[in-house]
Amino acid sequence: MSTQTKTLSISNLPALGEPLEGGIFAGVITTKDGVHSAVIRLPGNGTSLTWNKAITWAKKQGGVLPTRPVAALLFANIKATLPSGWHWTSEEDDASCAWYCNFGYGYQSDTRKSFGGGAVAVRLIPLIA
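Laid out in C-alpha coordinates, this is it:
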(Lines of atoms letter the chains of each structure in order from A and count residues from 1; the text may use other names and numbers.)
(Lines give C-alpha, C1' and ligand atoms only; values in the text may rest on other atoms or scores of the structure.)
Protein backbone atom coordinates (compact mmCIF):
# COMPACT_ATOMS: atom_id res chain seq x y z
CA MET A 1 0.00 0.00 0.00
CA SER A 2 1.30 3.40 -0.95
CA THR A 3 2.33 5.92 1.67
CA GLN A 4 3.20 9.59 1.48
CA THR A 5 6.66 10.96 2.27
CA LYS A 6 4.99 13.10 4.95
CA THR A 7 4.84 11.86 8.56
CA LEU A 8 2.45 12.68 11.40
CA SER A 9 2.99 12.75 15.14
CA ILE A 10 1.08 10.05 16.95
CA SER A 11 0.34 12.55 19.74
CA ASN A 12 -1.55 14.88 17.36
CA LEU A 13 -4.05 12.45 15.86
CA PRO A 14 -7.74 13.42 15.97
CA ALA A 15 -10.60 11.24 17.18
CA LEU A 16 -11.79 8.50 14.86
CA GLY A 17 -14.03 9.85 12.12
CA GLU A 18 -12.62 13.37 12.34
CA PRO A 19 -11.02 15.21 9.40
CA LEU A 20 -7.32 14.65 8.78
CA GLU A 21 -5.12 15.48 5.77
CA GLY A 22 -8.02 15.92 3.34
CA GLY A 23 -9.93 12.84 4.43
CA ILE A 24 -11.36 11.06 7.46
CA PHE A 25 -9.12 9.54 10.14
CA ALA A 26 -9.98 5.83 10.35
CA GLY A 27 -7.36 4.59 12.81
CA VAL A 28 -3.82 3.29 12.98
CA ILE A 29 -2.43 0.17 11.36
CA THR A 30 0.98 -1.45 11.44
CA THR A 31 2.20 -2.48 8.00
CA LYS A 32 4.05 -5.75 7.35
CA ASP A 33 7.36 -3.87 7.47
CA GLY A 34 6.60 -2.64 11.03
CA VAL A 35 5.65 0.96 10.20
CA HIS A 36 2.79 2.41 12.24
CA SER A 37 0.61 4.51 9.95
CA ALA A 38 -2.51 6.66 10.16
CA VAL A 39 -5.24 5.43 7.81
CA ILE A 40 -7.03 8.23 5.98
CA ARG A 41 -10.22 7.44 4.06
CA LEU A 42 -10.24 9.82 1.11
CA PRO A 43 -13.39 11.54 -0.22
CA GLY A 44 -15.43 10.01 -3.01
CA ASN A 45 -16.75 6.60 -3.95
CA GLY A 46 -16.12 4.68 -7.14
CA THR A 47 -19.08 2.73 -8.49
CA SER A 48 -19.53 -0.14 -10.95
CA LEU A 49 -15.78 -0.59 -11.45
CA THR A 50 -13.83 -3.68 -12.39
CA TRP A 51 -10.89 -4.38 -10.08
CA ASN A 52 -8.34 -2.85 -12.48
CA LYS A 53 -10.49 0.25 -12.98
CA ALA A 54 -10.93 0.53 -9.20
CA ILE A 55 -7.14 0.59 -8.77
CA THR A 56 -6.88 3.37 -11.36
CA TRP A 57 -9.76 5.29 -9.74
CA ALA A 58 -8.09 5.12 -6.30
CA LYS A 59 -4.82 6.48 -7.73
CA LYS A 60 -6.71 9.40 -9.28
CA GLN A 61 -8.06 10.18 -5.80
CA GLY A 62 -4.49 10.35 -4.48
CA GLY A 63 -4.58 7.00 -2.70
CA VAL A 64 -4.89 3.26 -3.10
CA LEU A 65 -7.51 0.59 -2.54
CA PRO A 66 -7.43 -0.67 1.05
CA THR A 67 -5.86 -4.00 1.93
CA ARG A 68 -8.18 -6.54 3.56
CA PRO A 69 -7.06 -5.55 7.09
CA VAL A 70 -7.51 -1.84 6.29
CA ALA A 71 -11.00 -2.53 4.87
CA ALA A 72 -11.86 -4.27 8.16
CA LEU A 73 -10.48 -1.26 10.08
CA LEU A 74 -12.64 1.10 8.00
CA PHE A 75 -15.72 -1.00 8.74
CA ALA A 76 -14.93 -1.21 12.45
CA ASN A 77 -14.07 2.45 13.00
CA ILE A 78 -15.89 4.63 10.46
CA LYS A 79 -18.71 2.46 9.11
CA ALA A 80 -21.15 5.40 9.12
CA THR A 81 -19.04 7.20 6.49
CA LEU A 82 -18.89 4.24 4.10
CA PRO A 83 -21.32 3.39 1.32
CA SER A 84 -22.93 0.00 1.88
CA GLY A 85 -22.35 -2.80 -0.58
CA TRP A 86 -19.34 -4.51 -2.12
CA HIS A 87 -16.05 -2.62 -2.43
CA TRP A 88 -12.76 -3.82 -3.84
CA THR A 89 -9.61 -4.31 -1.78
CA SER A 90 -6.11 -4.18 -3.24
CA GLU A 91 -5.54 -7.89 -2.69
CA GLU A 92 -5.67 -10.50 -5.41
CA ASP A 93 -6.79 -14.06 -4.74
CA ASP A 94 -5.42 -15.38 -8.02
CA ALA A 95 -4.95 -14.19 -11.61
CA SER A 96 -8.70 -13.85 -12.21
CA CYS A 97 -10.10 -13.02 -8.74
CA ALA A 98 -9.60 -10.35 -6.09
CA TRP A 99 -10.94 -9.75 -2.58
CA TYR A 100 -13.69 -7.33 -1.68
CA CYS A 101 -15.43 -6.19 1.51
CA ASN A 102 -19.14 -5.64 2.05
CA PHE A 103 -19.35 -2.40 4.04
CA GLY A 104 -22.98 -3.12 4.94
CA TYR A 105 -22.08 -6.30 6.84
CA GLY A 106 -18.30 -6.31 7.16
CA TYR A 107 -17.60 -9.68 5.61
CA GLN A 108 -15.05 -10.32 2.91
CA SER A 109 -14.91 -12.73 0.01
CA ASP A 110 -13.41 -12.96 -3.45
CA THR A 111 -14.90 -12.66 -6.90
CA ARG A 112 -13.87 -12.23 -10.48
CA LYS A 113 -11.93 -9.06 -11.24
CA SER A 114 -14.41 -8.33 -14.05
CA PHE A 115 -17.23 -7.83 -11.50
CA GLY A 116 -18.51 -4.24 -11.27
CA GLY A 117 -18.03 -3.25 -7.65
CA GLY A 118 -17.51 -0.14 -5.57
CA ALA A 119 -14.27 1.45 -4.45
CA VAL A 120 -13.00 3.68 -1.67
CA ALA A 121 -9.51 5.13 -1.59
CA VAL A 122 -7.20 5.35 1.42
CA ARG A 123 -3.85 6.92 2.17
CA LEU A 124 -1.40 5.69 4.79
CA ILE A 125 0.73 8.30 6.52
CA PRO A 126 3.63 7.04 8.68
CA LEU A 127 3.57 8.05 12.35
CA ILE A 128 6.40 9.28 14.52
CA ALA A 129 6.40 9.32 18.32
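Each step along the sequence shown adds one to the number in the numbering used here, with nothing skipped, and position 82 is 82. Where a beta carbon is used, it is the ideal one built from N, C-alpha and C, also for glycine.
Ala98 is positioned such that its CB atom lies no closer than 7 Å to that of Trp57. A distance below 7 Å between beta-carbons, with the five flanking residues on each side excluded, links Thr47 to the following residues of its chain, in chain order: Gly118.
Measuring C-alpha to C-alpha distances from Gln61 to each of Arg123, Ser109, Ala129, Gly85 identifies Arg123 as the nearest. With a cut-off of 8 Å on Cβ pairs, the segment 8-22 is not in contact with the segment 82-95, counting fewer than three such pairs. For Phe25, the pairing in a beta bridge is given by DSSP as Ile40.
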